[in-house]
Amino acid sequence: MAPKSEDLQLLAKIKKGDSAAFEQLVEKYESKVFHLAMRFTRNEEDAEEVLQDVFTTLHRKLDLFQGKSAFSSWLYRIVVNAAFMKLRKRRQQPTVHLEDLAPLTKQQVLDGDHNFENHVDKHAQNEELKDILKGAIERLPDQYRAVFILRDVNGFSNQEASEVLGLSVPAIKSRLHRSRLMLRKKLHRYYLEFTGRTHLPPEIMEGLAAA
Numbered sequence: 020m021a022p023k024s025e026d027l028q029l030l031a032k033i034k035k036g037d038s039a040a041f042e043q044l045v046e047k048y049e050s051k052v053f054h055l056a057m058r059f060t061r062n063e064e065d066a067e068e069v070l071q072d073v074f075t076t077l078h079r080k081l082d083l084f085q086g087k088s089a090f091s092s093w094l095y096r097i098v099v100n101a102a103f104m105k106l107r108k109r110r111q112q113p114t115v116h117l118e119d120l121a122p123l124t125k126q127q128v129l130d131g132d133h134n135f136e137n138h139v140d141k142h143a144q145n146e147e148l149k150d151i152l153k154g155a156i157e158r159l160p161d162q163y164r165a166v167f168i169l170r171d172v173n174g175f176s177n178q179e180a181s182e183v184l185g186l187s188v189p190a191i192k193s194r195l196h197r198s199r200l201m202l203r204k205k206l207h208r209y210y211l212e213f214t215g216r217t218h219l220p221p222e223i224m225e226g227l228a229a230a
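Going by the working numbering, the first residue of the sequence shown is number 20, and it counts up by one from there.
Put into structure tokens, the structure is as follows:
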């Protein structure tokens with residue numbers, strides 16, 4: 020018989036009341052949970068709250084883990100659910116629009132200076148594009164954003180994303196393809212409006228290549 024994984028050994032101890040084992044589990048995953056929460060919330064305070072909520076939920080619902088998938092997949096599903104719950108609460112607050120992230124206003128462009136590089140150097144331009152991309156990701160519908168963040172931002176495999184979200188691998192592939200198309204459309208519209216260019220730069224296109 021194969022030895023139990025470290026996670027399963029810790030879970031067995033926790034179920035017997037070993038509080039030190041729970042602390043070990045928290046220590047092992049808290050950084051990963053926080054960074055995944057940050058990908059969704061883009062806010063350190065919210066991510067900290069998600070972190071606390073996740074481990075509170077974990078302690079309360081540990082008996083529900085049946086071992087049909089990796090423990091990490093089950094845990095990350097709790098993270099995704101907690102992050103979306105936090106975002107739904109936050110939606111009642113004012114949001115930042117893509118246009119607010121632009122280095123130039125539309126009027127400045129219309130006034131005659133159409134050369135984007137005249138205003139920012141290459142590093143600043145790349146940072147701006149990253150901000151624009153983050154804003155566009157934030158506005159994806161939840162079901163597509165979750166897949167995009169897990170696959171393209173965090174580097175999960177299709178199978179891992181499937182286990183986390185409780186979807187089939189074909190569904191993951193389909194939603195990933197759709198999310199990339201939506202992002203490409205949003206970014207292309209923005210880039211054309213504010214820079215006068217008809218093509219997105221390579222660094223953006225590489226990240227939005229079709230599946």
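Heads up, the beta-carbon is just placed ideally off N, CA and C, and yes, glycines get one too.
Could you check what DSSP says for residue i in three-state terms: helix, strand or coil?
i    : result
D65  : helix
P189 : helix
A89  : coil
S24  : coil
L200 : helix
S176 : coil
F59  : helix
K35  : coil
Y95  : helix
F84  : coil
R158 : coil
For residue i, would you say it is in contact with chain C, using Cβ-to-Cβ distances shorter than 8 angstroms as the test?
i    : result
A102 : No chain C is present in this structure, which holds just one protein chain.
Our contact map puts residue i next to residue j with C-beta atoms below 8 angstroms; I'd like the distance itself, whole angstroms only.
i    : j    : result
L106 : F167 : Not quite, the Cβ-Cβ distance comes to about 14 angstroms (not below 8 angstroms), so this is no contact.
A89  : A56  : 19 angstroms between Cβ atoms; not a contact.
A155 : L200 : So it is not a contact: roughly 12 angstroms between Cβ atoms.
K44  : L29  : In the sequence under discussion, the amino acid at residue 44 is Leu, which differs from the Lys named in the question. That pair is a contact at about 5 angstroms.
E157 : R61  : 7 angstroms
Please tell me whether residue i and residue j are closer than 8 angstroms, where the distance is taken between their beta carbons.
i    : j    : result
S92  : E179 : yes
L159 : S198 : yes
Y48  : V183 : no
L81  : I33  : yes
V52  : L70  : yes
R203 : Y163 : no
S181 : V172 : no
D65  : R109 : yes
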